[in-house]
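Reviewing the structure listed below.
2 protein chains.
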Amino acid sequence: MRNADFPSVEFETRLARAQAAMVTENLDALFFTSEAEIRYFSGFRTLFWQSPTRPWFLIVPQSGKPIAIIPEIGAALMAGTWVDDVRTWRSPHATDDGISLLIQALQGKHKIGMMMGRESSLRMPLTDYQRLRVGLEDSQFSDTSGLVRTLRMVKSPAEIQKIRTICDIAGNSFGNAAQLFHQGQTLREAFRAFKIDLLAQGADDVPYLVGGAGQGGYGDIISPPSDEPIRDGDILMLDTGATLDGYFCDFDRNFAFGHAGDEAKYGYDTLYRATEAALRTARPGIPCRDLYRVMADVIAQDGSDVGRFGHGLGLQLTEAPSLISFDETVLQADMVITLEPSMAVGPGKIMVHEENIVIREDGAELLSPRAAPQLPIL
Amino acid sequence: MRNADFPSVEFETRLARAQAAMVTENLDALFFTSEAEIRYFSGFRTLFWQSPTRPWFLIVPQSGKPIAIIPEIGAALMAGTWVDDVRTWRSPHATDDGISLLIQALQGKHKIGMMMGRESSLRMPLTDYQRLRVGLEDSQFSDTSGLVRTLRMVKSPAEIQKIRTICDIAGNSFGNAAQLFHQGQTLREAFRAFKIDLLAQGADDVPYLVGGAGQGGYGDIISPPSDEPIRDGDILMLDTGATLDGYFCDFDRNFAFGHAGDEAKYGYDTLYRATEAALRTARPGIPCRDLYRVMADVIAQDGSDVGRFGHGLGLQLTEAPSLISFDETVLQADMVITLEPSMAVGPGKIMVHEENIVIREDGAELLSPRAAPQLPIL
């Protein structure tokens, strides 16, 4: 395989696990339109998904290898994966953007699973989806997002190694904070310096870098950087999802400039302790809601349910499961998750803290280098 | 507005144009789930879309300003845009991820337009979309992708300025090719050096960088970089979509190493001449299919229809229209498009060439610095 982030056995294992579940659930085929699922089962990786012009399809039959039904422009790249059956058309097409090929491939499949549930999208035009359903009127379509979630949550050793490596890379860049960030620098400049360092350290891409800075805390954790300069007393937070071979890290770090106020120190300490509690608790058999609760109890911020304190990580920046009050997913060995407690530290001010771990038989193993126990002051 | 890539008048104009079209088409509301449309009408820009966990919604009523229905985690960022009516919920939610809020906001709207056509996706779970349709059973949903395409294709002066600036930045980096690329360097290293230079020149992000290298041409134009070293006689092509304030450039450059064979020189010259012909032809009133044809005639590669030779550009790497045989969109002033002819130069070898232009009353104005007339040799 020319274009392989993994040896064939990785994909054979994924397929075997999927097909075993398909037999149990009596599904004749799985039908995918989305980047993560198509990459998971085929190994097809390209930034060309940035273009919304063309739809891409993958079918996983109950037996046999996946079938790719894709625009001709992707044929050479798909031919380099482990997929043998690659059917193409010239896309964009005036009247038939792959729909006839899809109908032909799925004809006679009575029960077809597709991603319809939590965290999923339909990456094809709704009008074409409706044509597909009309063309396959004898087939039943059902939601298979639970099945796929179950497969994808547990990572292979090779996947864990990729996530570990990109965590190391991001850890190295965070370790360079004193060289990269300084008072007077705008947030835009700080983000740029950090991205350049991530690439220089070996990251392939930095699809996600958000953060904030403000006196004693920050008000927002999903914003692009402003042109405001970093000032004495600011807390700077950067949260990065950098990638290696298409696998993400996702963790953040906080830095104070000049000095740190008591509230910021208290916030940092509380979140650090919440994360420590989660690190001690996380192991196979623990439900995600309990791991969430362990962190929420440390924060004990008016005792209320304050959000999501972590999530799965891998092919996507965020994946199932969620560390949240209602997620009853039970942790298993080789799940990779983030621990991401957050709390208010003043009016309109919050702080966040995040680490990446893999669940092992005997507990949590850190993939990100553990943050400093005290808020670092630059 | 704290978080503004544009002054309010930009969004007022977009809204006024949309609402005028909605009156004509008798639409009571537009309903959006996708990043590009939500950003177009609200100014809400974040890399947080990388996380598939939460859905985001925007409603454009026939009169009055847009209504954002979004997860609480985005409230602070959305409050910094020109949108006043921001309705939030704690997402992810166990049972109701914004659907009740959506139904409440759309209740009584009889005709609702949403993106269902070419190049669109449904960025919310299908099961939730079905719940929404059941909850609004008295409403008619129709495809409004044509209306939105018509609006978005014509750029404002402020949008054109952002695209021009990011084209200049990428042009500067391509101008550094002799310093950035060398024989013996792996493609992965070459891509990394180029990305770092783009960021150093002022790009915010490089969401798209693909390309290839090979003796006398390349076999694939959407691949991530390999670990193969660049060799004497290779043609290297990099195609980049870098961004500034969320606006893309999208053009490529070719470089030969050591020497260039006759076929590569002929391919380069042919594509250069095809682009020249398109630059002379492009002006208001010309249908996209005719601009496609002008390039296809120069290439005259067995006279057949060989694909898409360009596309719109702006908020997304590729947008409508398409320079393709069946796109009858008529060019208008202030459309920003790419000219992107491609051709075979040998068995399994192709070459591509791309420029970015804005259509002016008197013809094409280049936004990318024009490629060299002869294949550059490094």
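Each protein sequence line maps, in turn, to chains W and X.
Residue numbering for the first sequence follows the numbering used here, beginning at 1 and increasing consecutively.
Residue numbering for the second sequence follows the numbering used here, beginning at 1001 and increasing consecutively.
All C-beta atoms, glycine included, are put in the ideal place defined by N, C-alpha and C.
What you are looking at is a predicted structure, and each value in this text was computed from that prediction instead of being measured.
Requested in this report: Could you round the C-beta distance between GLN1062(X) and GLN1107(X) to whole angstroms and report it? I think they count as a contact, below 8 Å.
Outcome: With a Cβ gap of about 15 Å, GLN1062(X) and GLN1107(X) do not count as contacting.
Query raised in the report: Along chain X, in chain order, which residues have C-beta atoms closer than 9 Å to that of GLN316(W)?
Result: GLN1050, SER1051 and PRO1052
Report task. Please list the residues of the stretch 1131-1157 of chain X that have a C-beta atom closer than 8 Å to any C-beta atom in chain W, keeping them in chain order. Result -> ASP1143 and SER1145
Query raised in the report: When the cut-off is 7 Å and only beta carbons count, does VAL1210(X) lie next to chain W?
Result: yes
Query raised in the report: How many Å lie between ASP1239(X) and ASP1245(X) at the Cα?
Result: 20 Å
Requested in this report: Answer with yes or no whether the minimum CB distance from ARG1289(X) to chain W is below 7 Å.
Outcome: no
Requested in this report: To the nearest angstrom, report how far apart ALA94(W) and ILE1103(X) are at their CA atoms.
Outcome: If you draw a straight line from the Cα of ALA94(W) to the Cα of ILE1103(X), it is about 35 Å long.
Query raised in the report: Opposite MET1335(X) in the DSSP bridges: which residues?
Result: VAL1154(X)
Query raised in the report: Counting contacts by CB-CB distance shorter than 7 Å, is ILE1222(X) in contact with chain W?
Result: Under the 7 Å criterion on CB atoms, ILE1222(X) is classed as interfacial with respect to chain W.
Report task. Out of ILE69(W), LEU47(W), ALA36(W) and ALA4(W), point me to the one whose CA is closest to THR1318(X)'s CA. Result -> That would be LEU47(W), whose Cα lies nearest to the Cα of THR1318(X).
Query raised in the report: THR1081(X) to ASN254(W), Cα distance in whole Å?
Result: 26 Å
Query - The alpha helix (DSSP H) enclosing THR1024(X), as first and last residue numbers - result: 1008-1024
Query raised in the report: Which residues in the same chain have their Cβ closer than 6 Å to the Cβ of GLU72(W), if we skip the five residues on either side of it in sequence?
Result: THR88 and ARG90
Query raised in the report: In chain A, which residues lie with their C-beta within 7 Å of the C-beta of GLU119(W)?
Result: Among the protein chains of the structure shown, namely W and X, there is no chain A.
Query raised in the report: What does a CB cutoff of less than 8 Å around PRO1066(X) pick up in its chain, not counting 5 residues either side in sequence?
Result: LEU1015, PHE1041, SER1042, LEU1058, ILE1059, VAL1060, VAL1083 and ASP1085
Requested in this report: Using a Cβ-Cβ cut-off of less than 7 Å, give me the residues of the stretch 1319-1341 of chain X that come near chain W, in sequence order.
Outcome: SER1322, ILE1324 and PHE1326
**Report entry** Straight-line gap, LEU271(W) to MET1335(X) (C-alpha atoms, nearest Å)
**Finding:** 50 Å
Requested in this report: Whole angstroms is fine: what's the gap from THR1144(X)'s alpha carbon to MET1153(X)'s?
Outcome: 14 Å
Query raised in the report: Is the distance from the Cβ of GLU1365(X) to the Cβ of LEU1339(X) below 7 Å?
Result: no
**Report entry** Cβ of THR46(W) within 7 Å of any chain X Cβ
**Finding:** For THR46(W), the answer is yes, since a Cβ of chain X falls inside 7 Å of its Cβ.
**Report entry** Same chain, Cβ closer than 7 Å to GLU10(W), neighbours up to 5 away in sequence not counted
**Finding:** Excluding sequence neighbours, GLU10(W) sits near SER156 and ALA158.
**Report entry** Neighbourhood of ALA1036(X) by C-beta distance below 7 Å, restricted to the same chain and skipping five residues each side
**Finding:** LEU1315 and GLN1316
Report task. Using a cut-off of 7 Å between C-beta atoms, extract the partners of ALA364(W) located in chain X. Result -> Near ALA364(W) there are no residues of chain X at all, since even the closest Cβ is about 22 Å away, more than 7 Å.
Report task. Apply the 10 Å Cβ neighbour rule to PRO1347(X) and answer buried if 16 or more other Cβ atoms are within range, or exposed otherwise. Result -> Exposed, because fewer than 16 other Cβ atoms sit within 10 Å of the Cβ of PRO1347(X).
Query raised in the report: If contact means a Cβ-Cβ distance below 7 Å, which residues of the stretch 176-204 of chain W contact chain X?
Result: Correct list: ARG192, LYS195, ILE196, LEU199 and ALA200.
Requested in this report: Look at the alpha carbon of ILE1235(X) and the alpha carbon of GLU1228(X), and state the distance between them as a whole number of angstroms.
Outcome: Linking ILE1235(X) to GLU1228(X) through their CA atoms gives a straight-line distance of about 13 Å.
Query raised in the report: In chain order, what residues of the stretch 61-77 of chain W put their CB closer than 7 Å to some CB of chain X?
Result: ILE73, GLY74, ALA76 and LEU77
**Report entry** Distance between beta carbons of MET1116(X) and PRO125(W), contact taken as under 8 Å
**Finding:** Yes, they are in contact, since the Cβ atoms of PRO125(W) and MET1116(X) sit about 6 Å apart, within 8 Å.
Query raised in the report: How about the stretch 1283-1294 of chain X and the stretch 1319-1333 of chain X: do they share at least three Cβ pairs that are nearer than 8 Å?
Result: yes
**Report entry** Every unbroken alpha helix (DSSP H) within the stretch 60-135 of chain W, with a cutoff of 4 residues, ordered by chain
**Finding:** 75-79, 99-106 and 126-135
Report task. Check each residue of the stretch 90-107 of chain W: if its Cβ is closer than 7 Å to any Cβ of chain X, include it; give the result in chain order. Result -> ARG90, PRO92 and ALA94
Query raised in the report: Which stretch, first to last residue, makes up the alpha helix (DSSP H) that contains TYR1268(X)?
Result: Looking at the DSSP string, the run of the alpha helix (DSSP H) that includes TYR1268(X) is 1262-1281.
Query raised in the report: The beta strand (DSSP E) with ALA320(W) in it runs from where to where?
Result: 319-322
Report task. Establish whether the CB of THR127(W) and some CB of chain X are separated by less than 7 Å. Result -> yes
Query raised in the report: Counting along the chain, where does the beta strand (DSSP E) carrying SER342(W) start and finish?
Result: 342-346
**Report entry** Where the alpha helix (DSSP H) through ARG1370(X) begins and ends
**Finding:** Unbroken run through ARG1370(X): none, as it is neither H nor E.
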